[in-house]
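Trainee: Shown below is the structure under consideration.
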Amino acid sequence: EAGVVQSPRYKIIEKKQPVAFWCNPISGHNTLYWYLQNLGQGPELLIRYENEEAVDDSQLPKDRFSAERLKGVDSTLKIQPAELGDSAVYLCASSLRTEGTQYFGPGTRLLVL
Amino acid sequence: AQSVTQPDIHITVSEGASLELRCNYSYGATPYLFWYVQSPGQGLQLLLKYFSGDTLVQGIKGFEAEFKRSQSSFNLRKPSVHWSDAAEYFCAVAPRGNNDMRFGAGTRLTVKP
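Which chain is which? The protein sequence lines are R and Y, in order. Using our numbering, the first residue of the first sequence is number 1, and each one after it goes up by one. Using our numbering, the first residue of the second sequence is number 1001, and each one after it goes up by one.
Below is the structure:
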């Protein structure tokens, strides 16, 4: 069974530029998560989807971050414009709604110059 | 307030020695408990989880963890560490019936030859 797929794996951009990350969850998993992981820290939730509905986006900085999960499968996380402090790893995870174990993708490492 | 604490930021052990990584939580009721491992440049891999039942849980790669309700702890153990176990280890908790997972700050494990 394929795991959570994320792309790109690495991204280097200049500040003020836009950037987008893509995630394909495990087949059949209706819950999808985007996490931010700063160096030396644990992941912090940005947004959680149940199917196509964002059920928890309280930690998403909505002035510059946006996310969507059309058709309740793939998801895209966007930053526009990027700031130096956005340099981090962006992790995507998925789970069954009825069973809370989350499975993680390899992450996207973003460097903003 | 709900919290997850990993008291040790960095631990160094010799190859072949035993290992114990500590995790304490503060939640209103016993949550679901998880341990994940993250190798450099990789996503998080699930080692084991506790939902209910036997308080000693076996996981992959020879790891086990013991849930102690009286101490609000879920410590990870391995009887003999291998050099390939060098990585970052994260304890995570989620309220029962809720996918809101919180992570500890992580413990970095170094293995000496």
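A virtual CB, placed ideally from N, CA and C, is assigned to each residue, including glycine.
Is there a C-beta anywhere in chain Y that falls below 8 Å from the one on Ser75 (chain R)?
Mentor: Taking the first residue of the first sequence as 1, we reach residue 75 (chain R) at position 75. Judged by the 8 Å Cβ criterion, Ser75 (chain R) is not in contact with chain Y.
Trainee: Determine the DSSP secondary structure at Ile1009 (chain Y), reduced to helix, strand or coil.
Mentor: For the purposes of this step, residue 1009 (chain Y) is taken as the residue at position 9 of the second sequence. Correct three-state label for Ile1009 (chain Y): coil.
Trainee: Comparing the C-beta of Ala1094 (chain Y) with each C-beta of chain R, is any distance below 8 Å?
Mentor: Taking the second sequence and counting its residues from 1, one reaches residue 1094 (chain Y) at position 94. Closer than 8 Å to some Cβ of chain R, the Cβ of Ala1094 (chain Y) qualifies, so yes.
Trainee: At a CB-CB cut-off below 9 Å, which residues of chain Y make contact with Gln41 (chain R)?
Mentor: Reading the first sequence from its first residue, position 41 is the one you call residue 41 (chain R). Ordered by position in chain Y, the residues that pass the 9 Å Cβ test against Gln41 (chain R) are Phe1103, Ala1105 and Gly1106.
Trainee: Quick one: list the residues of chain R neighbouring Asn1024 (chain Y), beta-carbon separation under 7 Å, in chain order.
Mentor: The residue given as residue 1024 (chain Y) occupies position 24 in the second sequence. In chain order: nothing, as chain R lies at least about 14 Å away.
Trainee: What is the DSSP secondary structure of Ser1073 (chain Y), reduced to helix, strand or coil?
Mentor: The residue given as residue 1073 (chain Y) occupies position 73 in the second sequence. If DSSP states are grouped into helix, strand and coil, Ser1073 (chain Y) belongs with the strands.
Trainee: Our contact map puts Val112 (chain R) next to Ala82 (chain R) with C-beta atoms below 8 Å; I'd like the distance itself, whole angstroms only.
Mentor: Indexing the first sequence from 1 puts residue 112 (chain R) at position 112. Indexing the first sequence from 1 puts residue 82 (chain R) at position 82. Yes, Val112 (chain R) and Ala82 (chain R) are in contact; Cβ-Cβ is about 5 Å, under 8 Å.
Trainee: The region 1028–1045 of chain Y: which residues have C-beta closer than 8 Å to a C-beta of chain R, in chain order?
Mentor: Against chain R - using a Cβ distance shorter than 8 Å - the residues of the region 1028–1045 of chain Y are Tyr1032, Phe1034, Tyr1036, Gly1041, Gln1042, Gly1043, Leu1044 and Gln1045.
Trainee: Quick one: Cα of His1146 (chain Y) to Cα of Glu1020 (chain Y), how far?
Mentor: What is shown of chain Y runs 1001 to 1113, which leaves residue 1146 (chain Y) out entirely.
Trainee: Does Asn1099 (chain Y) come within less than 8 Å of chain R when only Cβ atoms are used?
Mentor: Taking the first residue of the second sequence as position 1, residue 1099 (chain Y) is located at position 99. So yes, Asn1099 (chain Y) belongs to the interface.
Trainee: Would you tell me roughly how many angstroms separate the C-alpha atoms of Glu1064 (chain Y) and Val5 (chain R), rounded to the nearest one?
Mentor: Residue numbering aside, residue 1064 (chain Y) sits at position 64 when the second sequence is read from its first letter. Residue numbering aside, residue 5 (chain R) sits at position 5 when the first sequence is read from its first letter. Taking the straight line from one Cα to the other gives about 28 Å.
Trainee: Give the range of the beta strand (DSSP E) segment to which Cys1023 (chain Y) is assigned.
Mentor: For the purposes of this step, residue 1023 (chain Y) is taken as the residue at position 23 of the second sequence. First-last for Cys1023 (chain Y): undefined, no H or E at that position.
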